[in-house]
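S.K.:
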Amino acid sequence: MSNLLGQVFWIPLHEIVMHENVVKFGVPARLRQTARGLDEDWIYTYRARHSLAVPPPTSESTDRHLNQVRMASPATPTTPLPPGSPVDGDVNTSTSVSIGLSNPQLTHNRQLLEVTNKLQNTGVSNDLDVPQITVVGQQSSGKSSLIEAMSGVPFPRDKGTCTRCPMECRLSRSAEPWQCIVSLRFSHDQKRQALDQVTNPQFGEIIYDRTEVEERIRRAQRAVLNPELPLDYFLEGRLVAAENGPQTTFTMNCVSLRISGPDVVDLSFCDLPGLIASVADGGNDGDIALVQNMVSSYIQKPSCIILLVVACETDFENQGAHRLAKKFDPEGKRTLGVLTKPDRIPKGEESSWFSFIRNEKEPLKNGWFCVKQPDSEALKAKITWSKARENEINFFASQLWTELELEYQRRLGTENLVKKLSVILSDLIAKRLPEIRKEVERKSAQLKLQLAGFPPEPSSDPRSDILRLLHEFSSDIGRHTWGVPDDPDSCFGGLGLIQAIRLTQEKFRKAIRATAPNFQPFKRLEDAPGKVMGSVDFLGKDTDEFNGQELDLDEAHLVSSYLKLMEIPHSEEIYVDEVLATARRLEESIPLVPVLMFPLFNFRAVTRELPGHFPFVVQQNLVQDIIKKWEFPALNLCAIIRAMTNAHVNSLVKRHFGNFGRGILEDRIRTLLQQRIGELCTASEDRIKWLCCLEGYPFTLNTHYLSDYQSKFLAHYRAARQKYDSSNLLSTVNAYSPEVGQVYNSNNRSYTAAPPTGVGKVLAGLLEIKMSGVKPEDLLKLLPPDPMDPALVIMADVRAYFQVAYKRFVDNVPLAIDVGIVRGLQKDILLFLCSNLGINGSDGHQICVEFAKEDNDMAARRLDLKKRLTRLELARRELLNVSI
C-alpha cells in the first residue's frame with residue numbers, strides 16, 4: 003500500500019496517520035490524512051485513483067493541492083476524474099473521444115471479436131450459436147442514449163424509426179484514424195422468413211466525420227424497412243416517397259455500424275427494438291408480438307449476453323423486458339442489468355434502486371450497473387457527446403452516489419459498463435470458439451451426408467440420363483425375376499420376389515393336394531363308426547405341408563397377407579358303399595363310353611360288362627369331379643403373383659426413378675408396367691384355363707408311376723377292410739412264427755422240432771400234399787371274395803391317378819405363371835419402355851426435358867442445404883485464421 007501511495011499521491015507518507023473503523027466517502031480511516039486542510043484533497047485523489055465518485059472541492063486549499071496533483075501527473079485530464087473515467091495511467095488526452103478511452107484489449111481478444119463479427123456477416127448465426135451482446139429493454143427505456151454513449155456516435159432521434167430494426171455496433175481499436183462504415187444485413191424476407199443467403203451491402207462511402215453518422219443511420223434505417231427499393235434511392239436524399247410509411251413496420255434485417263479508431267474500445271453489441279405494450283391509433287396490434295418474438299429469437303440462444311436496460315422512472319415490476327429475459331435466463335447467468343435515468347428516481351426511493359446495484363434485489367451473475375445519459379432538454383440543446391460524459395461524471399460525484407460502498411461505485415458510469423461488457427464478451431468468445439469449431443465440422447458433415455442422398459441435379463442432356471436409368475432398371479428387373487438371395491429393401495420383409503412367390507406356390511400345392519379324394523374302405527352306416535384307416539406310409543414326404551418350409555410371419559408379413567387369399571379346401575369322406583352305388587348308377591345311365599387313353603386298362607367301348615366289372619366312365623366321372631376344384635386355386639395363385647409382382651416392381655420403380663425430376667417419369671413407368679403386368683396376367687389366366695381343360699380327361703404316359711400307386715392303394719384299402727372283417731384270422735397269421743421244441747439228449751445234445759399247432763398244422767398238411775412255398779399270409783386268400791372289391795379297385799384307380807395328375811398340375815400352373823408374368827415382364831422390357839415413353843421419337847428430347855424437370859421443393863431443399871454448407875465453410879475458414 004505504501005508503494006501505491008508513493009506512486010500516486012502527492013501527500014508525504016510520513017503525514018499519514020492510521021485510524022481504524024472510520025470510513026469517509028468510501029476511504030478507509032487508516033488511509034485518511036489527519037493534516038488540517040488536506041483531508042478533502044487526499045480523499046479526492048484516492049477516490050479518483052480507484053474510479054470512485056468524487057465530491058466537489060470545498061475550499062481553496064483543496065484546489066491548491068489538486069493543482070499540485072495534476073502537475074505531478076501530466077496524463078491526468080484537466081477536469082476532475084469521477085467514476086467511469088480512466089485513472090490507471092491509460093488516459094488519452096483527446097477531449098472528443100468515445101468511451102473507448104479505456105485500456106485497449108489484447109490483440110488476441112481483438113482477433114476473437116473480429117472473427118465473431120465475420121461469422122455474423124456470413125449469416126452462420128442462423129445455424130450456430132455465436133456469442134453476441136444484445137441490448138433489451140422497454141420502449142423509451144433509454145436504450146438509444148446508452149448505445150450512443152457506448153459507441154461514441156450520435157443516433158437519429160426521429161420518432162419510432164430508430165427502434166424499428168436491430169442496430170448492430172462493432173467497435174474495434176485501431177491505429178488508423180477514426181472511421182465508420184454503415185452496412186445493411188438482409189437475412190430475412192418481407193414475410194420474416196430466413197433467407198437462404200445473407201447479404202451485407204455497404205450503405206454509402208466510409209464516414210470519417212462523426213457528425214455525418216446520424217444522417218447516414220437515418221437513411222439506412224429507412225432503406226432496411228423498404229427492402230424492395232434500391233439503396234441509392236435512400237443515399238441520394240429522395241426520402242419523400244418513403245415518408246408515407248415503410249413497407250414493413252418492423253424488420254429482422256439490421257443496420258450495422260463498424261466503428262474503428264485509436265480511442266475506440268473493442269466491443270460488439272446489437273440494440274433491438276424496444277418492447278411495446280400498445281400501439282398508436284391506426285397501428286398494427288401484431289407489432290407487439292412481432293417485437294417480442296424478435297427479441298426472443300435473439301436472447302433464447304445460450305451464447306447471447308443479455309444487456310437488460312431498466313429505467314428508474316418506472317416501477318421495476320411494470321417493465322416486461324426483465325420478465326422476458328428471466329424466461330430465457332432464469333438463473334441470471336448471462337444477463338447484465340443496466341439502470342438508466344437515475345436522475346428521475348423519486349426522492350426517498352433511492353435505497354430501493356441501490357439494492358439493485360448492490361445485487362441484492364433480482365441478483366444477476368454479472369450484477370447491475372447504473373448510467374446517466376442526457377435528458378430531453380439536453381438533447382434539444384444538441385449536447386455534445388463529450389459534454390454528456392462530463393455531466394455523467396459530475397452526476398455520480400454527488401454525495402448521494404458517493405455513499406455507495408467502494409465495490410459498487412465501480413458499477414457507476416458508462417465506461418465501467420463498457421469495460422465489464424468487453425471482458426464478458428471476450429471470455430465468452432474464447433470459451434465458445436473451440437465449441438463452434440466442432441459444431442461447424444459436425445454440421446458440415448451432416449449437410450454433406452444429406453446432400454449425398456439427393457439425386458444429381460438435372461443435366462444438360464436429360465435423354466442420356468433417362469436412358470441410363472432405364473438400362474439400370476431393366477438390368478435390375480432381370481436380376482430380380484431370376485431371383486436374388488435377399489433384398490433388404492424388398493416390400494416382402496427382406497425376401498426377394500422369387501422367394502416370396504415360392505411360398506405362395508407351396509401354399510397352392512397344398513391347396514391342390516387337399517382336393518385328393520378321401521376314400522374310406524368302409525360302409526358309411528353299417529361298419530364305418532369306430533373304424534380308422536391307417537396312415538398312407540408309402541406316400542412318404544408327399545403328405546407334408548410346405549415341404550418342411552414354414553413361413554416367418556415377422557420377416558414376411560406382407561407375403562402372409564397374400565397367402566391368406568389362398569383357401570385350402572377340405573375333402574369330404576367318400577365311403578366304399580357310396581362308390582359302389584355311384585358306379586352302378588353310372589353304368590345304367592351311360593349308353594356308350596368312348597375309347598379312352600388309359601394305358602393301365604385295355605378299355606374298349608363296352609356298355610355291357612361281365613358281373614363285377616364297371617366301365618371306365620366311373621373313374622372318369624370321379625376324376626372330373628376332383629379336377630373341377632383346381633381352377634379356382636390356380637386362378638387365385640395367378641392373381642396373387644400378379645399383385646406381388648406389381649408391388650415388387652413398384653418398389654423397384656421408386657428405387658430407380660423416385661428421385662428423378664418431379665416424379666412424372668416414375669409415375670409414367672409405373673403405369674406402363676402395371677398395364678403390361680395386367681396383360682401378361684390375362685394371358686396367363688387363359689393358359690391356366692387351358693391346363694384345367696387338359697386335365698378334364700384322364701391321361702398319362704407315366705404308366706409305371708400310376709401302376710405302382712394303384713397296387714399300393716388297392717392293398718392299402720383291402721388291408722384296412724381285412725383288419726376288421728377277418729380280424730381273427732389276420733391276427734392269427736400275424737402272430738404265427740415257426741415253433742421249435744427242445745428235446746435234450748445227454749449224448750449228442752440234439753434238438754427236435756415240437757409238434758405243429760394251428761397255422762403250422764395247415765402249412766404242414768399242405769406240404770404233405772406236395773404244395774410247397776405257401777406262406778402264412780397266403781392263407782388269407784382262402785377267404786371268400788370281398789363283395790366291395792370292385793369298388794376298392796375304382797377307389798385305387800382314382801386315387802392313383804390323382805397322385806399322377808396332381809403332381810403334374812402343381813408343376814405346370816406355377817411354371818405357366820412364371821413364364822407368363824414374372825419372366826414375361828423382363829422380356830424386351832427396355833424396348834417396351836422406350837417405345838411407350840416416346841423418348842426415341844422426333845419430340846423425344848422435349849419429352850425427356852419435361853421428365854427431368856426437378857421438383858421445386860427438392861430444388862429448394864438442395865439449395866438451402868448448399869447455402870447452409872457454404873455458410874459453414876466460410877465460417878470454418880474464418881475460424882482457421884484465429885489461434886485459440
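Under this note's numbering, the first residue of the sequence shown carries the number 3, and numbering increases by one thereafter. Built from N, CA and C at the ideal position, the CB exists for glycine as well.
Can you look up L430 in the DSSP assignment and give me helix, strand or coil?
M.R.: In this structure, L430 counts as helix in the three-state DSSP scheme.
S.K.: Specify, as a first and last residue, the run of the alpha helix (DSSP H) that D799 falls within.
M.R.: Looking at the DSSP string, the run of the alpha helix (DSSP H) that includes D799 is 791-819.
S.K.: Please state whether DSSP places T36 in a helix, a strand or coil.
M.R.: Note that T36 has pLDDT 36, beneath the 50 cutoff, so the model's placement of it is unreliable and the number below is only indicative. Residue state, collapsed to three classes: coil.
S.K.: Please identify the residue among D627, A454, R166, I135 whose C-alpha is closest to the C-alpha of K868.
M.R.: It is A454 whose Cα lies nearest to the Cα of K868.
S.K.: Is the beta carbon of I438 closer than 8 angstroms to that of L115?
M.R.: Result no, Cβ atoms of L115 and I438 do not sit closer than 8 angstroms.
S.K.: Comparing C-alpha positions only, which one of Y711, R166, H718 sits nearest to A807?
M.R.: The shortest Cα separation from A807 among Y711, R166, H718 belongs to Y711.
S.K.: What is the residue span of the alpha helix (DSSP H) that A862 lies within?
M.R.: Looking at the DSSP string, the run of the alpha helix (DSSP H) that includes A862 is 858-882.
S.K.: Near G206, which residues of its chain fall below 7 angstroms by C-beta distance, leaving aside the five closest residues on each side in sequence?
M.R.: If we look at G206 and ignore the five residues flanking it on each side, its Cβ neighbours are V184, R218, L237.
S.K.: DSSP has D273 in a bridge; who is on the other side?
M.R.: The partner list for D273 (beta bridge, DSSP) reads V137, M169.
S.K.: Can you tell me whether C314 is helix, strand or coil according to DSSP?
M.R.: In this structure, C314 counts as coil in the three-state DSSP scheme.
S.K.: Just the Cα atoms here: how many angstroms apart are E880 and R873?
M.R.: E880 and R873: Cα-Cα distance of roughly 11 angstroms.
S.K.: Compute the distance between the beta-carbons of R657 and D491, then report whether it is under 8 angstroms.
M.R.: Yes, Cβ-Cβ distance for R657 and D491 is below 8 angstroms.
S.K.: If you draw a straight line from the C-alpha of R664 to the C-alpha of S461, how long is it?
M.R.: Cα-Cα distance, rounded: 14 angstroms.
S.K.: Use the C-beta contact count for V851: other C-beta atoms within 10 angstroms, 16 or more gives buried, fewer gives exposed.
M.R.: With fewer than 16 Cβ atoms within 10 Å of its Cβ, V851 is classed as exposed.
S.K.: Can you check the segment 294-353 for any beta strand (DSSP E) of at least 3 residues that lies completely inside it and give the ranges in chain order?
M.R.: Taking only runs of at least 3 residues, the beta strand (DSSP E) segments lying wholly in the segment 294-353 are 306-313, 337-342.
S.K.: Contact check, V620 vs A585 under 8 angstroms by CB: the rounded distance?
M.R.: Contact holds; Cβ gap of about 4 angstroms.
S.K.: Look up S143 in the DSSP assignment and say whether it is helix, strand or coil.
M.R.: Three-state result, S143: coil.
S.K.: Considering Cα atoms alone, identify which of F397, F188, C171, Q192 is closest to C182.
M.R.: Ranking the options by Cα distance to C182, first place goes to C171.
S.K.: Could you tell me if N883 is buried or exposed, where buried requires 16 or more neighbouring beta carbons within 10 angstroms of its beta carbon?
M.R.: Classification of N883: exposed, given that the 10 Å Cβ count is below 16.
S.K.: Count the other CB atoms, across all protein chains shown, that sit within 10 Å of the CB of M646; report buried if there are 16 or more and exposed otherwise.
M.R.: M646 is buried by the Cβ-count criterion.
S.K.: Which residues bound the alpha helix (DSSP H) around F371?
M.R.: Note, F371: premise wrong, no alpha helix (DSSP H); beta strand (DSSP E) at 370-372.
S.K.: Taking the alpha helix (DSSP H) that R511 falls in, what are its first and last residues?
M.R.: That run of the alpha helix (DSSP H) goes 499-515.
S.K.: Check whether the segment 124-133 and the segment 209-223 touch, using three or more Cβ-Cβ pairs below 8 angstroms as the test.
M.R.: They do not touch, by the three-pair rule.
S.K.: In terms of residues, what are the limits of the alpha helix (DSSP H) holding R224?
M.R.: From DSSP, the alpha helix (DSSP H) with R224 extends over 215-227.
S.K.: Between L696, V815, S739, which lies nearest to E906 when the distance is taken from Cα to Cα?
M.R.: This structure gives no information on residue 906, because the portion of the chain shown stretches from 3 to 886.
S.K.: Using only the alpha-carbon positions, how far apart do F358 and A222 sit?
M.R.: F358 and A222: Cα-Cα distance of roughly 37 angstroms.
S.K.: Beta strand (DSSP E) containing G263: first to last residue?
M.R.: Here the beta strand (DSSP E) through G263 covers 256-263.
S.K.: Return the Cβ separation of A151 and T416 in integer angstroms, given the expectation that the two are a contact with Cβ distance under 8 angstroms.
M.R.: Correct: roughly 5 angstroms between the Cβ atoms.
S.K.: Using only alpha-carbon positions, find the residue among A802, Q401, V824 that is nearest to A641.
M.R.: Measuring from the Cα of A641, the nearest candidate turns out to be V824.
S.K.: Measuring straight from C-alpha to C-alpha, what distance separates A802 and L639?
M.R.: A802 and L639: Cα-Cα distance of roughly 25 angstroms.
S.K.: Whole angstroms are fine: how far does the CA of N704 sit from the CA of D579?
M.R.: Between D579 and N704, the C-alpha separation is close to 30 angstroms.
S.K.: What is the DSSP secondary structure of A383, reduced to helix, strand or coil?
M.R.: Here A383 sits in coil by DSSP.
S.K.: Between L451 and the rest of its own chain, which residues show a CB-CB distance below 7 angstroms, the 5 nearest in sequence each way excluded?
M.R.: There are no such residues.
S.K.: Rounded C-beta distance between D287 and V137? I'm assuming under 8 angstroms.
M.R.: Their Cβ separation, rounded to whole angstroms, is 25 angstroms, which puts D287 and V137 out of contact at 8 angstroms.
S.K.: Please report the residue range of the beta strand (DSSP E) in which F521 lies.
M.R.: 520-522 is the extent of the beta strand (DSSP E) around F521.
S.K.: Residues in the same chain with beta-carbon distance under 8 angstroms from S153, minus the five sequence neighbours each way, listed in chain order, please.
M.R.: Answer for S153: S100, C171, L173, L259, I261, listed in chain order.
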